[in-house]
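Notes follow once the structure below has been shown.
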Amino acid sequence: MKKRAWKTVYLDDYRGVNYDCDVLICNNEGLMRSQLSTPEYCKVFLGGRYVLIKPEVLRAARCLRHGARISKSVMLVAGGTNQKAWVIRMLGLLGKLEPRAVIWVLTGRRLSAVNVQRASGLPLKKLRFFSKQSATQMIRRYQRAGYLVAPASTVLLEAFAAGIPAISGWIAQNQQTSLNAFEAQGLIANIGDLRVPELRELRAARSSVLKSGVKMARLQEAFIRESLAGTAEIVQELLGEC
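Per the numbering used here, the sequence shown runs over residues 6 to 247.
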């Protein structure tokens, strides 16, 4: 049998575009082939069979042991959002939800701690800001925090590698399918539209993660292990058909 030459391999989350490629690997959990616009000959791999996580993050998660969680701490991760405005909005809600907790804010770009603190109305001693963390530093913070609040993006998958009780929601439309699938698997507490969250939704989600946080963290770590095994299977399958 003549084997096919895979010329174009596309790695992507779900977007409403035409994928003109030989292979599409789409990590948006919960999708069906019929939702994607691809050529008939395109080989499609969907969902949690693979994850886009930096190798150094996975290495750090394997090497670092879980320490004691700091119950009076919350980790807020901005991901690729409009960081400053979103962080300020979330801090205002978390300050009401967790009046005694210290809130750790992890962002990709460095934020002015003073400006954000003033806009949020919270005392500076209640906040800790981190940016440009190494994989080891990031995983260690995930492992120590009481729970996480983050959008359903790559930052959430990185947190899964550490295993942490997580509250999540969607910022971009294409995150909704994955978000619902993560919720169905018990990996997160889902509060829906994270652009305009409400305090009552956060309060209900907090109650959920505090009640089932240990189980949630174990399910996350198992999800990552299974996904990595799926990644290896995809590579072997493609190599076998070349």
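We put the beta carbon where it would ideally sit given N, CA and C, even for glycine.
Residue i in three-state terms, based on DSSP
i      : result
THR13  : coil
LEU162 : helix
ALA171 : strand
THR112 : strand
VAL82  : strand
ASN32  : coil
GLY126 : coil
ILE93  : helix
ILE196 : strand
SER217 : helix
ALA155 : strand
Cα-Cα separation between residue i and residue j, rounded to whole angstroms
i      : j      : result
ILE279 : ILE58  : With the chain running from 6 to 247 in the structure shown, residue 279 is simply not present.
THR43  : ARG230 : 29 Å
MET95  : GLN190 : 25 Å
THR159 : PRO128 : 30 Å
LYS7   : TYR46  : A caution first: LYS7 carries a pLDDT of 43, below 50, which makes its placement in the model unreliable, though a value can still be read off. LYS7 and TYR46: Cα-Cα distance of roughly 15 Å.
ASN120 : ALA90  : 11 Å
GLN178 : ASP17  : 14 Å
Contact check, residue i vs residue j, beta carbons under 8 Å
i      : j      : result
ALA167 : ALA155 : no
VAL79  : ALA106 : yes
VAL49  : LEU29  : yes
GLY97  : SER125 : yes
Boundaries (first-last residue) of the alpha helix (DSSP H) holding residue i
i      : result
LEU68  : In the sequence on display, residue 68 carries Cys and not Leu. Where CYS68 is concerned, the enclosing alpha helix (DSSP H) stretches over 60-68.
ARG145 : 140-149
Buried versus exposed, by CB contacts within 10 Å (16 or more), residue i
i     : result
ASN33 : buried
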